[in-house]
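Numbering (my numbering), first residue to last: 6 to 130. Ideal Cβ positions, reconstructed from N, Cα and C, are used throughout, including at glycine.
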């Protein structure tokens with residue numbers, strides 16, 4: 006996984022990075038991410054045609070690695086928990102590290118509005 010960090014953040018650049026760098030969503034892979042880095046992440050499901058469906062988009066203002074490990078061990082979102090259990094080996098993730106936690110939150114909101122991941126829809130209110 007390429008661990009690049011966005012300094013001048015654009016939604017287009019973040020989307021491109023998240024769409025290009027999918028990695029199997031396993032504890033072993035997530036554990037290799039750097040500690041203490043904020044950023045955005047997307048959890049993807051491989052579809053029948055070999056493409057990807059966006060399951061969930063999220064952020065961590067403090068440690069993306071820790072947040073992704075939480076998804077793997079004790080998922081609180083019931084819709085995402087079902088998807089992770091049913092399709093484990095078909096699930097991938099991607100990360101875009103950032104420097105500005107507040108801008109990261111704004112980007113997450115924009116991504117969720119635009120992409121409407123299946124298990125984020127309750128956040129759109």
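Taking all protein chains shown into account, do 16 or more other C-beta atoms lie within 10 angstroms of the C-beta of residue i, making it buried, or fewer, making it exposed?
i          : result
residue 15 : exposed
residue 44 : buried
Taking only three categories from DSSP, how would you classify residue i?
i          : result
residue 23 : helix
To the nearest angstrom, how far is it from the Cα of residue i to the Cα of residue j?
i           : j           : result
residue 28  : residue 97  : 5 Å
residue 78  : residue 104 : 26 Å
residue 71  : residue 17  : 26 Å
residue 119 : residue 62  : 11 Å
residue 19  : residue 66  : 16 Å
Within the same chain, show all residues whose beta-carbon is closer than 6 Å to that of residue i, passing over the 5 residues directly before and after it, in chain order.
i           : result
residue 123 : 60
In chain order, what residues of the same chain lie with their CB nearer than 7 Å to the CB of residue i, ignoring the 5 residues before and after it?
i          : result
residue 5  : Residue 5 lies beyond the stretch modelled for the chain, which goes from 6 to 130, so this question has no answer here.
residue 46 : 63, 69, 73, 98, 99, 100
Residue i bridges to which residues according to DSSP?
i           : result
residue 100 : 46
residue 18  : None, per the DSSP bridge assignment.
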